[in-house]
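Student: One structure follows; several queries about it will come next.
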Amino acid sequence: MRISVNKLDRAALFRDRLAEAMAQTGTSRAALARAAGVDRSTISQLLSDGDARMPGGHLVAAAAEALSVSTDWLLGISDRPEATADLLTATLTETERASSADDQIFAWHKEAAGYKIRHVPATLPDMLKTHAVMDWEYTPTMNRSPGQAIAAAEARLDWMRASECDYEIALPLHEIEAFALGQGYYAGLDAAIRRDQIDWILSVHDQFYPTLRLFLYDARRVYSAPITIFGPKLAAIYLGRYYVAFRDRDRVRAVTRHFDGLVREATHAAREVPPVLEALRAQIA
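In this text, residue positions in the sequence shown follow numbering that gives the first Met the number 0: the first is 0, and each later residue adds one.
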């Protein structure tokens with residue numbers, strides 16, 4: 000459906016939709032400026048109230064590409080924000096979880112540079128694990144060695160140090176409780192290793208907060224499969240041996256809304272997590 004607007008209204012509509020797309024994708028003015036190849040002041044000017052000027056076609060296209068929306072939607076020509084490719088196809092990728100999968104996941108991280116990354120891990124987050132925990136966890140597996148897991152985790156943590164991404168991790172409270180107490184999945188894991196692991200999470204959290212934010216949620220109230228959302232670009236669901244990745248806008252948005260629901264329902268927000276970890280550490284015999 001076409002939207003008929005005059006020049007002033009179109010400029011206002013462009014400004015509102017640009018701001019909306021940036022908010023939905025967690026894209027900062029600086030990140031959009033880098034992606035579009037312009038100064039940050041140019042983006043600020045586009046978002047200024049009362050500015051009736053319209054940007055050139057190149058800048059509109061660059062902004063649309065960076066935000067994964069259509070130029071027609073930004074300009075008020077269409078009321079559908081999806082890019083044409085997203086309307087026509089839904090891309091699904093299956094990636095076997097081995098060394099090649101680590102390369103693919105790291106490539107997805109780099110592709111999402113400047114955007115917010117959201118993650119629900121299968122156990123503890125790999126990039127927050129100590130070498131000892133990864134050695135214990137991955138030695139019995141058939142499709143990934145401890146060395147591969149450690150290298151991939153360190154590469155992601157190093158990338159996070161150098162990037163400007165916000166990283167949110169939602170973790171079931173029972174997972175960290177079971178780890179601290181050495182129960183269930185973590186039965187048999189040495190107490191000293193568990194203490195060192197919690198100390199390491201506290202150290203990394205202190206180093207990166209608020210860029211890195213941890214949330215603890217009650218899995219009896221809300222459930223999540225292991226997922227990672229790479230800004231507006233892609234959402235990946237971990238199945239076990241495979242990652243299933245969606246690139247179409249509607250599915251990425253749906254998974255993002257699911258993650259945001261976990262954050263809203265979190266029993267412990269990011270600032271409250273360190274005291275919880277310290278209390279659990281004190282219980283380790």
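Beta carbons are placed, not taken as given, at the ideal position from N, Cα and C, and that holds for glycine. Since we're looking at a predicted model, the values are computed, not measured.
1) Fully enclosed by the segment 147–226, which beta strand (DSSP E) runs are 3 residues long or longer?
2) May I have the straight-line CA-CA distance separating residue 87 from residue 232, to the nearest angstrom?
3) How many angstroms separate the CA atom of residue 17 from the CA atom of residue 261?
4) Between residue 39 and residue 29, is the Cβ-Cβ spacing less than 8 Å?
5) Just to confirm, are residue 102 and residue 147 a CB contact at a threshold of 8 Å?
6) Which term fits residue 196, buried or exposed, when burial requires 16 or more other beta carbons within 10 angstroms of its beta carbon?
7) Using the C-alpha atoms, what's the distance from residue 214 back to residue 164?
8) Evaluate residue 117 with the Cβ neighbour count: other Cβ atoms within 10 Å of its Cβ, from every protein chain shown; 16 or more gives buried, anything less gives exposed.
9) Are the Cβ atoms of residue 65 and residue 22 separated by less than 8 Å?
10) Tell me, to the nearest whole angstrom, how far the beta carbon of residue 127 is from that of residue 200; I am working on the premise that it is less than 8 Å.
11) When the Cα atoms are used, what is the spatial distance from residue 89 to residue 252?
12) Cα separation between residue 8 and residue 184?
13) For residue 313, which option in 247, 238, 230, 274 has the closest C-alpha, if you only look at C-alpha atoms?
14) Do residue 155 and residue 105 have their C-beta atoms closer together than 8 Å?
15) Within the same chain, show all residues whose beta-carbon is closer than 7 Å to that of residue 59, passing over the 5 residues directly before and after it, in chain order.
16) Counting along the chain, where does the beta strand (DSSP E) carrying residue 236 start and finish?
17) Would you report the Cα separation of residue 225 and residue 176, rounded to the nearest angstrom?
18) Determine the contact status of residue 67 and residue 248, defining contact as a CB-CB distance below 8 Å.
19) With a threshold of 16 other CB atoms inside 10 Å of the CB of residue 115, please say whether the residue is buried or exposed.
20) Nearest to residue 24 by CA position, among 282, 259, 174, is which residue?
21) Let me know if residue 189 comes out buried or exposed under the rule of 16 or more other beta-carbons within 10 Å of its beta-carbon.
22) Going by DSSP, what residue range makes up the alpha helix (DSSP H) through residue 248?
23) For residue 268, count the other beta carbons within 10 Å of its own beta carbon; 16 or more makes it buried, fewer makes it exposed. Which is it?
24) Return the first residue and the last residue of the beta strand (DSSP E) that residue 118 is part of.
25) Could you give the distance in angstroms between the alpha-carbon of residue 279 and the alpha-carbon of residue 194?
Tutor: Once the coordinates are examined:
1) 166–171, 211–216
2) Counted from its first residue, the sequence shown places residue 87 at position 88. Counted from its first residue, the sequence shown places residue 232 at position 233. Model confidence at residue 87 stands at a pLDDT of 41, short of 50, so the residue's coordinates are unreliable; what they give is reported in the following sentence. Going by the C-alpha atoms only, they are around 16 Å apart.
3) As a first step, residue 17 must be located in the sequence shown, where it is residue number 18. As a first step, residue 261 must be located in the sequence shown, where it is residue number 262. Approximately 27 Å between the Cα atoms of the pair.
4) By 1-based counting over the sequence shown, the position of residue 39 is 40. By 1-based counting over the sequence shown, the position of residue 29 is 30. Contact flag set, yes.
5) Counting from one through the sequence shown, the residue named residue 102 turns up at place 103. Counting from one through the sequence shown, the residue named residue 147 turns up at place 148. Cβ atoms of residue 102 and residue 147: not closer than 8 Å.
6) Residue numbering aside, residue 196 sits at position 197 when the sequence shown is read from its first letter. With 16 or more Cβ atoms within 10 Å of its Cβ, residue 196 is classed as buried.
7) If you number the sequence shown from 1, residue 164 lands on position 165. If you number the sequence shown from 1, residue 214 lands on position 215. For residue 164 and residue 214, the distance between alpha carbons rounds to 17 Å.
8) As a working mapping, residue 117 is identified with position 118 in the sequence shown. Residue 117 should be labelled buried.
9) Position 66 of the sequence shown, counted from the start, is the residue given in the question as residue 65. Position 23 of the sequence shown, counted from the start, is the residue given in the question as residue 22. No, they are not a contact pair.
10) The residue given as residue 127 occupies position 128 in the sequence shown. The residue given as residue 200 occupies position 201 in the sequence shown. The pair is a contact, with the Cβ atoms about 5 Å apart (cut-off 8 Å).
11) Residue numbering aside, residue 89 sits at position 90 when the sequence shown is read from its first letter. Residue numbering aside, residue 252 sits at position 253 when the sequence shown is read from its first letter. Since pLDDT at residue 89 reaches only 45, below the 50 mark, its modelled position is unreliable, and the value read off the structure follows with that caveat. Whole-angstrom Cα-Cα distance: 13 Å.
12) Translated into the one-based positions of the sequence shown, residue 8 becomes position 9. Translated into the one-based positions of the sequence shown, residue 184 becomes position 185. Going by the C-alpha atoms only, they are around 58 Å apart.
13) Since the displayed the chain opens at 0 and closes at 284, residue 313 lies outside it and no answer follows.
14) Counting from 1 along the sequence shown, the entry for residue 155 is found at position 156. Counting from 1 along the sequence shown, the entry for residue 105 is found at position 106. Closer than 8 Å, so yes.
15) Taking the first residue of the sequence shown as position 1, residue 59 is located at position 60. For residue 59, where only same-chain residues beyond five positions count, the Cβ hits under 7 Å are 70, 73, 74.
16) Start at 1 with the first residue of the sequence shown, and residue 236 comes out as number 237. Where residue 236 is concerned, the enclosing beta strand (DSSP E) stretches over 233–237.
17) Indexing the sequence shown from 1 puts residue 225 at position 226. Indexing the sequence shown from 1 puts residue 176 at position 177. Taking the straight line from one Cα to the other gives about 18 Å.
18) Taking the first residue of the sequence shown as position 1, residue 67 is located at position 68. Taking the first residue of the sequence shown as position 1, residue 248 is located at position 249. The answer is yes: Cβ separation under 8 Å.
19) Residue mapping note: residue 115 aligns to position 116 of the sequence shown, counting from 1. The residue is buried, with at least 16 neighbouring Cβ atoms inside 10 Å.
20) Within the sequence shown, the letter at position 25 stands for residue 24. If we check each option's Cα against that of residue 24, 259 comes out closest.
21) Locating residue 189 in the sequence shown gives position 190, where the first residue counts as 1. That one is exposed.
22) Here residue 248 is taken as the residue at index 249 of the sequence shown, counted from 1. That run of the alpha helix (DSSP H) goes 248–263.
23) Position 269 of the sequence shown, counted from the first residue, corresponds to residue 268. Exposed.
24) Position 119 of the sequence shown, counted from the start, is the residue given in the question as residue 118. From DSSP, the beta strand (DSSP E) with residue 118 extends over 116–119.
25) As a first step, residue 279 must be located in the sequence shown, where it is residue number 280. As a first step, residue 194 must be located in the sequence shown, where it is residue number 195. Between residue 279 and residue 194, the C-alpha separation is close to 9 Å.
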